[in-house]
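Taken in sequence, the protein lines are chains A and B.
For the first sequence, my numbering assigns the number 1 to the initial residue and increments by one for each residue that follows.
For the second sequence, my numbering assigns the number 1001 to the initial residue and increments by one for each residue that follows.
Note that the Cβ used here is the ideal one computed from N, Cα and C, for glycine as well.
Below is one structure, written out as structure tokens; comments come after it.
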Amino acid sequence: KQEVTQIPAALSVPEGENLVLNCSFTDSAIYNLQWFRQDPGKGLTSLLLIQSSQREQTSGRLNASLDKSSGRSTLYIAASQPGDSATYLCAVSGGSNYKLTFGKGTLLTVNP
Amino acid sequence: DTAVSQTPKYLVTQMGNDKSIKCEQNLGHDTMYWYKQDSKKFLKIMFSYNNKELIINETVPNRFSPKSPDKAHLNLHINSLELGDSAVYFCASSLPGVTEAFFGQGTRLTVV
């Protein structure tokens, strides 16, 4: 059974800092890994998708890496801004039914 | 132009009632999902449909019945609502294993 763990559970940083969010998963037989952002009371916004054959993806100030063999992914956020404050969720797609298994998220607060 | 839309956004109802949540996607995806986010914000899959066929049913009580009239729609009907059903329910769609999953804005169900 796939299990996804995100560390830390919460993170508070001053504006302008670079930061790393961590995600680990127990079953390396995945199709892809996806990072989402969830604002309070809102839905999930897809940030980055990394296919199992890829090592990293970049979008603006965000960079996600994937090490499938070790079951790890990181989300790097450069020059953080207060608008980046949200919960960041990691999810992996795997199995015969491609379902997404989510971690419990990292609550990020960027202080002005 | 909303990709995945759910209605209603909020639903407050009494125990024992029957209610439905509707979901529509205009992305041309083959697969649609229902996820439940509990009070601790943990997201877990409930159902998945591929081309109108049920492919995932994750030990959800049979009071929950998904219905897919066509591949662009996946509705969730809940009978005999219980207090423990209070949660946020998210609809999503994707081309599994290929594209990122897109989520609706969620339906916050409160059973009183």
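Item, Value
"Member of B/P1061, B/G1106 and B/A1072 whose CA lies at the smallest distance from the CA of B/D1085", "B/P1061"
"Contacts of A/K42 in chain B (Cβ-Cβ under 8 Å)", "Q1105 and G1106"
"Where A/G71 falls: helix, strand or coil (DSSP)", "coil"
"For B/L1081, the three-state DSSP class (helix, strand or coil)", "coil"
"Cβ-based burial, A/P8 [other Cβ within 10 Å; buried from 16]", "exposed"
"Selection from B/L1083, B/D1070 and B/Y1089 that minimises the alpha carbon distance to B/H1029", "B/D1070"
"Residue-level contact to chain B via CB, A/F25, 8 Å cutoff", "no"
"Cβ shell of A/F102 (< 8 Å), same chain only, five flanking positions each side left out", "V4, L89, C90 and A91"
"Minimum Cβ-Cβ distance from A/K1 to chain B less than 8 Å", "no"
"A/T74 and A/V13 closer than 8 Å at C-beta", "no"
"Pick from B/S1005, B/E1024, B/K1041 and B/P1008 that is closest to B/A1087, judged by C-alpha positions", "B/K1041"
"CB contact check: A/S93 to chain B, cutoff 8 Å", "yes"
"CB contact below 8 Å: A/N97 versus chain B", "yes"
"Check whether A/S59 and A/Y31 have beta carbons under 8 Å apart", "no"
"Within-8 Å CB hit, A/S46 to chain B", "yes"
"DSSP three-state assignment for B/D1038, whether helix, strand or coil", "coil"
"Alpha carbon of A/R37 to alpha carbon of A/T106, nearest angstrom", "10 Å"
"Beta-carbon gap between B/W1034 and B/L1081 smaller than 8 Å", "no"
"Where B/V1112 falls, given that 16 or more other Cβ within 10 Å makes a residue buried", "exposed"
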